[in-house]
Amino acid sequence: MELDGADARIADYFDIIAGTSTGGIVTTILTAPNKDNRPLFCAKDVNAFYLEHTPKIFPQNNQTNILSMITSFLSGGPKYNGKYLRSLLKTMLGGLSLKQTLTNVVIPAFDIKRLQPVIFSTNDAKANAAKDAQLSDVCIGTSAAPTFLPAHYFQTKDNEGKPHRFDLIDGAVAANNPTMMAISEISRSKHLPDVAPIMNSKRMLVLSLGTGAAKNEEKYSADQASEWGLLGWLYDDGNTPILDVYSDANSDMVDIHVSSLFHSFNSHKNYLRIQDDTLTGDEVSVDMATEKNLKRLVEIGESLLKKPVSRVNLETGKYEPILGEGTNAEALARFAKLLSQERKLRQQK
Numbered sequence: 001m002e003l004d005g006a007d008a009r010i011a012d013y014f015d016i017i018a019g020t021s022t023g024g025i026v027t028t029i030l031t032a033p034n035k036d037n038r039p040l041f042c043a044k045d046v047n048a049f050y051l052e053h054t055p056k057i058f059p060q061n062n063q064t065n066i067l068s069m070i071t072s073f074l075s076g077g078p079k080y081n082g083k084y085l086r087s088l089l090k091t092m093l094g095g096l097s098l099k100q101t102l103t104n105v106v107i108p109a110f111d112i113k114r115l116q117p118v119i120f121s122t123n124d125a126k127a128n129a130a131k132d133a134q135l136s137d138v139c140i141g142t143s144a145a146p147t148f149l150p151a152h153y154f155q156t157k158d159n160e161g162k163p164h165r166f167d168l169i170d171g172a173v174a175a176n177n178p179t180m181m182a183i184s185e186i187s188r189s190k191h192l193p194d195v196a197p198i199m200n201s202k203r204m205l206v207l208s209l210g211t212g213a214a215k216n217e218e219k220y221s222a223d224q225a226s227e228w229g230l231l232g233w234l235y236d237d238g239n240t241p242i243l244d245v246y247s248d249a250n251s252d253m254v255d256i257h258v259s260s261l262f263h264s265f266n267s268h269k270n271y272l273r274i275q276d277d278t279l280t281g282d283e284v285s286v287d288m289a290t291e292k293n294l295k296r297l298v299e300i301g302e303s304l305l306k307k308p309v310s311r312v313n314l315e316t317g318k319y320e321p322i323l324g325e326g327t328n329a330e331a332l333a334r335f336a337k338l339l340s341q342e343r344k345l346r347q348q349k
């Protein structure tokens with residue numbers, strides 16, 4: 001906005017935006033069109049959206065939480081019924097479908113009937129009616145975290161009118177960090193001839209935003225895990241170890257691969273990963289939606305901008321500052337300037 005005016009939106013600058021789980025929701029609200037064919041939200045409104053709605057998606061009444069936890073363990077049902085989230089997304093997104101997004105999006109989910117990932121993208125939706133799902137269904141599916149929210153079933157119709165079913169759970173079980181998926185999508189984008197199909201990393205700017213991790217807390221150990229059965233892997237002091245392990249491993253491996261790709265072409269400054277791996281306690285919880293914790297998360301995000309650009313150390317698995325690359329805020333400002341320049345060049349063609 002500072003560079004190009006108050007009407008500037010994220011969707012105007014990125015050729016592809018990818019997001020998994022809650023990131024899929026953010027991706028959607030930044031790219032879904034309103035009645036004026038502009039994005040529903042601008043980036044600065046995302047915090048307010050989560051502060052308002054997260055406590056209703058994950059209600060924090062202590063007695064209700066305890067009862068729902070006991071019920072879920074006994075009956076096998078999820079901790080939350082997901083009704084508010086479904087209603088919110090259906091109301092907010094209406095009948096908008098994937099092919100209507102204002103820039104190309106990539107949103108992964110996992111189909112438990114087929115036992116394989118499903119990658120929803122604007123490109124696929126335009127080519128195949130079966131993949132042109134309603135955006136609300138895509139968001140509900142990609143955020144259906146096992147043990148927390150119900151799986152999501154819906155149908156679409158293919159180009160011949162035949163039904164196509166989806167049985168979805170959270171995309172994080174397959175692609176917690178969808179950066180590589182977004183890069184792969186570039187190779188299929190005919191409108192990006194300078195980048196695809198040779199995947200020229202010097203012509204790419206990749207911004208990857210994490211949701212935080214608890215690496216420094218070192219909350220699990222082999223001694224603990226060796227005594228866990230099924231219940232222990234599903235619940236340990238308010239955490240779900242099996243989900244933590246899979247999601248962190250998935251996310252870090254993608255970061256390592258993408259970072260290596262850009263380094264190999266001497267274009268490492270074209271890849272910016274912003275992640276805080278020092279979260280502790282409630283800060284790293286999936287569903288601790290108290291006013292206190294949500295405000296704390298906002299503070300963490302704001303302080304993260306002031307921290308130096310960091311990359312993961314392959315030996316320790318922790319993020320370490322990179323000398324000479326400034327703060328995350330400075331790196332973002334550099335990215336914003338480059339994106340603004342590129343947009344103006346394209347508008348002149």
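Take UniProt numbering: the last position of the sequence shown gets the number 349, and nothing is skipped along the way. For glycine and all other residues, C-beta sits at the position ideal for the given N, C-alpha and C.
Item                                                                                                            : Value
Any 3 or more C-beta pairs closer than 8 Å across the region 298–307 and the region 261–271                     : no
Where K79 falls, given that 16 or more other Cβ within 10 Å makes a residue buried                              : buried
Member of T280, T103, D167, A174 whose CA lies at the smallest distance from the CA of R114                     : D167
N177, buried or exposed, once every other Cβ within 10 Å from all chains shown has been counted against 16      : buried
Cβ separation of E217 and T280, assumed to be a contact under 8 Å, to the nearest whole Å                       : 5 Å
Segment contact flag, the region 210–230 with the region 125–144, C-beta cutoff 8 Å, min 3 pairs                : no
Classification of A214 by the beta-carbon crowding that lies within 10 angstroms, buried from 16 upward         : buried
Proximity of N270 and M181 at Cβ, strictly below 9 Å                                                            : no
Element boundaries [alpha helix (DSSP H), containing V106]                                                      : Element bounds for V106: not the alpha helix (DSSP H) but the beta strand (DSSP E), 104–111.
Backbone CA spacing between I16 and M253 [nearest angstrom]                                                     : 21 Å
Completely contained beta strand (DSSP E) runs for the region 228–297, where each covers 3 or more residues     : 271–274
For Q60 and T290, the rounded distance between their alpha carbons                                              : 7 Å
Spatial neighbours of Q116 in its chain, beta-carbon cut-off 6 Å, leaving aside the 5 residues before and after : none
Contact belief for D132 with K99 at Cβ below 8 Å, rounded distance in angstroms                                 : 5 Å
Inter-residue Cα distance where the pair is I107 and I10                                                        : 17 Å
Distance between beta carbons of I183 and V258, contact taken as under 8 Å                                      : 7 Å
Reduced DSSP category for V46 - H, G, I as helix; E, B as strand; rest coil                                     : helix
Residue environment, P163, which counts as buried when at least 16 other CB atoms sit within 10 Å               : exposed
A11, DSSP secondary structure in three states                                                                   : helix
Whole-angstrom distance between S340 and D4, CA atom to CA atom                                                 : 7 Å
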